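Engineer: I have a structure I would like to understand better, so I am pasting it below and will then ask my questions one at a time.
Number of protein chains: 2
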Amino acid sequence: MSLLATKMSSDDLICSRKMARQNGIVQPLLTDLYQITMAYAYWKSGKVNDVAVFDLFFRTNPFQGEFTIFAGLEECLKFLENFHYSDSDIEYLKQTLPENIEPEFFAYLKDLTCKDIKLSAIEEGSVVFPRVPLLRVEGPLIIAQLLETTLLTLVNFASLMATNAARYRMVAGKHVSLLEFGLRRAQGPDGGLSASKYAYIGGFDGTSNVLAGKMFNIPVKGTHAHSFVTSFSTLDDVSSATLSHAETRAPCNLLQLASEWRKKVSSIIDISPEEASDGELAALISYAIAFPSGFMALVDTYDVKRSGLLNFCAVALALNDCGYRALGIRIDSGDLAYLSVLARETFDQIAREFQLPWFSKLTIVASNDINEETILSLNEQGHKIDSFGIGTHLVTCQRQPALGCVYKLVEINSQPRIKLSQDVGKVTIPGHKEAYRLFGADGHALIDLLQRSSEPPPEVGQKVLCRHPFQESKRAYVIPSKVEHLYKMYWSDGHICIKPKPLLEVRERVQSSLRTLRQDIKRNLNPTPYKVAVSDNLYNFIHDLWLQNAPIGELS
Amino acid sequence: MSLLATKMSSDDLICSRKMARQNGIVQPLLTDLYQITMAYAYWKSGKVNDVAVFDLFFRTNPFQGEFTIFAGLEECLKFLENFHYSDSDIEYLKQTLPENIEPEFFAYLKDLTCKDIKLSAIEEGSVVFPRVPLLRVEGPLIIAQLLETTLLTLVNFASLMATNAARYRMVAGKHVSLLEFGLRRAQGPDGGLSASKYAYIGGFDGTSNVLAGKMFNIPVKGTHAHSFVTSFSTLDDVSSATLSHAETRAPCNLLQLASEWRKKVSSIIDISPEEASDGELAALISYAIAFPSGFMALVDTYDVKRSGLLNFCAVALALNDCGYRALGIRIDSGDLAYLSVLARETFDQIAREFQLPWFSKLTIVASNDINEETILSLNEQGHKIDSFGIGTHLVTCQRQPALGCVYKLVEINSQPRIKLSQDVGKVTIPGHKEAYRLFGADGHALIDLLQRSSEPPPEVGQKVLCRHPFQESKRAYVIPSKVEHLYKMYWSDGHICIKPKPLLEVRERVQSSLRTLRQDIKRNLNPTPYKVAVSDNLYNFIHDLWLQNAPIGELS
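If you read the protein sequences in the order shown, they are chains X and E. When we follow numbering that gives the first Met the number 0, the leftmost residue of the first sequence carries the number 0, and every step to the right adds one. When we follow numbering that gives the first Met the number 0, the leftmost residue of the second sequence carries the number 0, and every step to the right adds one.
Structure (structure tokens):
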């Protein structure tokens, strides 16, 4: 992996985003059929003018953690903006639904847009918690219902992925570079693209996925694979060994220089040059000739200690003779703690021996089946890795591959709706609500508070009674030093009201939002749950409605 | 879920497939950057005319099973057919790669196609096993290397998903209908589409995903959600209660009929009509008016026993008065074994009481967080479910969300290549090989045998020595009753040589291929591993090459 990043011009960027949008499969038919059958039943029941409020929320944080990063909002807004059934969609629905559907319904669908929908949301990139709605969708019942599946699809994986990436960033620390390498193991082509995008938002520094780089303007990284090394057998496979000196432009014979350096280095680090693979040396020389300023070499094809490191150092020193500085190595197998320490010691030794202090600073990338636990364990053992390349565990969220966001009706024609369940955790919080985050004097977030929208917002310095939504005795007074209203209106009257922030700003939002959380809530092992409460008014409202709707059982 | 299926005309189908292809994100840039940097290094080293052979294979079956279903071949062929760097791709690469890349390389990329590539593969939908290559890619080293990531992305998730679906089909049995309901929890929009497609191939009967239905001509299914039920509060919410009789076209008042039936049924099944929700009854009546021939009702919004079943039976009997037969119910929570038995008993009781034998046959769909283990446990308890709707566990392959296919260089310019590893399981099998499946007299597959391509194929009735690729002492003679050559050439000279089979045929292939496997290999608990062997000739070839390439260690 040469650490090659790039920037596109903003024109290109707009063009490639437009392309991505036009080519998108995010369209009204990307939904469950029952949304459309329900739409017809509503339409048929004269509910065209009913007005509904839906909340989109999750019930449990992923990865046994106590926080989640909200992502996917920009894609939701694009979906609302482009919501439209094409002629071929309508034709398909005509063939799919029963024959006796009234033709006027299809005419109604044909004209549907999201102009009467209002979407309020928490800012993308924020830390969020169970039961606090991420999105609140208000508008005609039929159209709000038709949005359900697609909004869930767009929020669920995006938020899961951003949360996963943010967790990797936390365990790796600020100073380690994190690269997403997961495309080949992702859940389908777009699973890979989404993973690249939301890993970046969650705190990764780049991806190997070139199309993601092009579409989302994310830095792309990468050098070569084992197959590149194994495609060379002997030093005769170096077809052209000449490289022009970086400054003088004089021709240098990199093969000859590297062969000489290999002898010198082998005596210093006490490895016999006969043990090192000539095919590997040929491959590294060829790679260095192609990328003299971006020489990052994979060193574990044969044996890191007895072949890869020696060959790398030989080529790096030869490049130095030609006026170029190598970037570093990648290790893709074996004991990463031990091998990274060994590599760093070797680099230090060479730096001292040949008075090349920059050699100590060469980048060490590690990339073999890494997950959160691997990084924690490497941290404990002590390692000298500068950068992790992370694939499968990151992009498939192996530890928990789905976030369970749901989309629930909470109000219809200004009447609250409650969904009961024998499992208390699944009871919905009814009505049109607002969410506030209350902060303590030290700047940390204390609690998220849900209120009925008709209530006055909590005020700084004023005592607020915060109640557990379902457990009567769990109550606490909070005096906030700062109150943040969590919702902003992002879509109204057929337009995006707040322009989505560029990816880079959402990425920064993730880190600034995480900084407002106490460390014990963020830690990997047994984190403390963050509190989500309801106002006293909302508490009573929920429980009155619950009693009204729950049938009285009979023990038998 | 009304069990509504549909067929598109073949014109529509071609059109929507074409659309899917044109809109696809499956393009040459959907790859890891290192493929492109390697391409440049190869190009720069004069390796433009080198010819390589790569094998695409996996090392371990997923889900602790002993078989895998190979899928994704059609998408791979489309990818080869459309492989082409656009001007904007080239422009992006120029900006992304270092400045000193020679411009002729970009001209070379611009003209690249897959015309010189040969792709051999196992038939899509076949059962396959570790180490037997699924794809063999031969051709110019640079282009064969450039295909790696995309081919892996296309095969990995497709095969994982088809395998997962086939496992669900095996535990559910032949006579249960399986529906994929996972879009909202899938890994991105295309993760959802791929899941729908490959679940169908693996043996599912339909999907809720409308776009998947349109793009792949898969039956789509679905009725309504809890929110539909909770959007109705009282019987006054039934705006129009009139339904025309199916035959006489005379107007029937479905509200009145259902209310009367609810009283009658409540006395029979000993549930008070006061306990049942009027809002639910209103919702079901409204749904039945919209879909009189497709009435399938969700019955667990309030209480299956005391509300949902009673309301459903009332509406189903009212529909019967109007000349329509209801389809059945869906249960989405609670004890599915108990509730399905209760529902079936209730249906039987009504069938007897009102002499409506078809009432006993109403469909019972279950759909709450179902996985392989849930189905096995329901089977043990005894259930009366006709159809499972399966979401999260199916589409994210929660138990193992990635298949680890790899793509390894095995030959270059007719010279074999081996990738060594301290982990024997990761050593590659070098050279250009053929794969044969040997069958016993009872028609079951006995063993898969890899040979060097230069060897004569095994013959029916002739003794073949089959060896474990890495363990010297593990050998067996096999006398096959049938020999199947596993590879066919699917792509050569720039064309698809064998037209991909329609989805439905691939789906049938999965079942017929699974039937050739002994039951103990397919079972859920502790399955017997299927054997994969190499010929004696290939065994010696591997081990000679291994010794040539492995450095002799030193104990210290």
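Note that CB positions come from ideal geometry on N, CA and C, so glycine has one too. It should be emphasised that the depicted structure is a prediction, and the values quoted were computed from it without experimental measurement.
Out of curiosity, what's the CA-to-CA distance linking Leu12 of chain E and Gly202 of chain E?
Structural biologist: Residue confidence for Leu12 of chain E is low, a pLDDT of 40 falling below 50, so the modelled location carries little weight and cannot support an answer.
Engineer: Along chain X, in chain order, which residues have C-beta atoms closer than 9 Å to that of Ser332 of chain E?
Structural biologist: Ser420, Gln421, Asp422 and Lys425
Engineer: Would DSSP call Ser534 of chain E helix, strand or coil?
Structural biologist: strand
Engineer: According to the neighbour-count rule (16 or more other Cβ atoms, all chains shown, within 10 Å of its Cβ), is Tyr476 of chain X buried or exposed?
Structural biologist: exposed
Engineer: Among the candidates X:Pro291, X:Gly278 and X:Pro468, whose CA atom is the shortest distance from the CA of Val298 of chain X?
Structural biologist: X:Gly278
Engineer: So Ile26 of chain X contacts chain E; which residues on that side make the cut at Cβ distance below 8 Å?
Structural biologist: Before going further, note that residue 26 of chain X is Gln rather than Ile in the sequence given. The contacting residues are Leu210.
Engineer: Give the residues of chain E in contact with Val219 of chain X, contact being defined as C-beta atoms less than 7 Å apart.
Structural biologist: Think of a sphere of 7 Å around the beta carbon of Val219 of chain X: the chain E residues whose beta carbon falls inside it are Leu32 and Thr95, in chain order.
Engineer: Could you list which residues in chain X have their beta carbon closer than 9 Å to that of His225 of chain E, in chain order?
Structural biologist: Within 9 Å Cβ-Cβ: Lys407, Leu408 and Lys418.
Engineer: Of all the options X:Leu516, X:Leu537 and X:Asp543, which has the alpha carbon lying nearest to the alpha carbon of Phe128 of chain X?
Structural biologist: X:Leu516
Engineer: What span of residues does the alpha helix (DSSP H) with Phe156 of chain E cover, start to end?
Structural biologist: Start and end: Glu147 to Ala171.
Engineer: Quick one: grab the DSSP three-state call for Arg135 of chain E.
Structural biologist: strand
Engineer: I'd like to know if Asn370 of chain E contacts chain X, where contact means its C-beta is closer than 8 Å to some C-beta of that chain.
Structural biologist: No, because no Cβ of chain X sits closer than 8 Å to the Cβ of Asn370 of chain E.
Engineer: Here's the rule: buried if 16 or more other CB atoms are within 10 angstroms of the residue's CB, otherwise exposed. What is Trp357 of chain E?
Structural biologist: exposed
Engineer: When we look at the beta-carbon of Val423 of chain E and count the other beta-carbons within 10 Å, is it buried (16 or more) or exposed?
Structural biologist: exposed
Engineer: Please compile the residues from chain X whose C-beta is within a distance smaller than 8 Å of the C-beta of Gly45 of chain E.
Structural biologist: Ser238 and Ser239
Engineer: Tell me where the alpha helix (DSSP H) around His484 of chain X begins and ends.
Structural biologist: Segment Lys481 to His484 is the beta strand (DSSP E) holding His484 of chain X; no alpha helix (DSSP H) there.
Engineer: In terms of residues, what are the limits of the beta strand (DSSP E) holding Ile363 of chain X?
Structural biologist: Thr362 to Ala365
Engineer: Cα-Cα, which of E:Glu504, E:Leu449, E:Ile495 and E:Met488 is closest to Lys530 of chain E?
Structural biologist: E:Leu449
Engineer: Could you pull out every residue in the same chain whose Cβ sits closer than 7 Å to the Cβ of Cys396 of chain E, ignoring the five residues on either side in sequence?
Structural biologist: Leu159, Met160 and Asn163
Engineer: Would you mind working out which of X:Met169, X:Glu471 and X:Trp490 sits nearest Asn378 of chain X, comparing C-alpha positions?
Structural biologist: X:Met169
Engineer: With distances taken from CA atoms, which of X:Ser332, X:Gly381, X:Tyr337 and X:Ala325 is nearest Ser359 of chain X?
Structural biologist: X:Ala325
Engineer: Do Pro400 of chain E and Gln63 of chain X have their CB atoms nearer than 8 Å?
Structural biologist: Not in contact: Pro400 of chain E and Gln63 of chain X (Cβ atoms no closer than 8 Å).
Engineer: Looking at the unbroken alpha helix (DSSP H) that takes in Lys432 of chain E, where does it start and where does it end?
Structural biologist: Unbroken run through Lys432 of chain E is the beta strand (DSSP E), Lys432 to Phe438; no alpha helix (DSSP H).
Engineer: Does the distance from the C-beta atom of Leu145 of chain E to that of Gln26 of chain E stay below 8 Å?
Structural biologist: no
Engineer: Helix, strand or coil for Glu74 of chain X per DSSP?
Structural biologist: helix
Engineer: Could you run through the stretch 133-154 of chain E and flag, in chain order, every residue whose CB is less than 7 Å away from some CB of chain X?
Structural biologist: Leu140, Gln144, Thr148, Leu151 and Thr152
Engineer: Identify every run of the beta strand (DSSP E) within the stretch 490-549 of chain X, keeping only runs that are complete inside it and at least 3 residues long; order them along the chain.
Structural biologist: 530-534
Engineer: Is Lys462 of chain E helix, strand or coil when you go by DSSP?
Structural biologist: coil
Engineer: Compare the C-alpha of Thr149 of chain E against each of E:Gly221, E:Pro429, E:Ala245 and E:Leu28 and name the closest.
Structural biologist: E:Leu28
Engineer: Which residue spans inside the stretch 269-338 of chain X form an unbroken beta strand (DSSP E) run of at least 3?
Structural biologist: 295-297 and 327-330
Engineer: In chain E, what lies closer than 8 Å to Leu341 of chain X by C-beta?
Structural biologist: The contacting residues do not exist; Leu341 of chain X stays about 14 Å from chain E at best.
Engineer: Which chain X residues sit within Cβ distance under 8 Å of Met488 of chain E?
Structural biologist: The premise fails here: Met488 of chain E is roughly 23 Å from chain X at the closest Cβ pair, so nothing lies under 8 Å.
Engineer: For the pair the stretch 341-349 of chain E and the stretch 306-321 of chain E, tell me if three or more CB-CB distances fall below 8 Å.
Structural biologist: yes
Engineer: At the 8 Å Cβ level, is Met169 of chain X part of the contact set with chain E, yes or no?
Structural biologist: Output row for Met169 of chain X: interface = no.
Engineer: Look at the alpha carbon of Lys114 of chain E and the alpha carbon of Glu147 of chain E, and state the distance between them as a whole number of angstroms.
Structural biologist: 16 Å
Engineer: Relative to the C-alpha of Ser452 of chain X, which candidate in X:Met214, X:Val219, X:Leu485 and X:Arg474 has its C-alpha closest?
Structural biologist: Ranking X:Met214, X:Val219, X:Leu485 and X:Arg474 by Cα distance to Ser452 of chain X puts X:Leu485 first.
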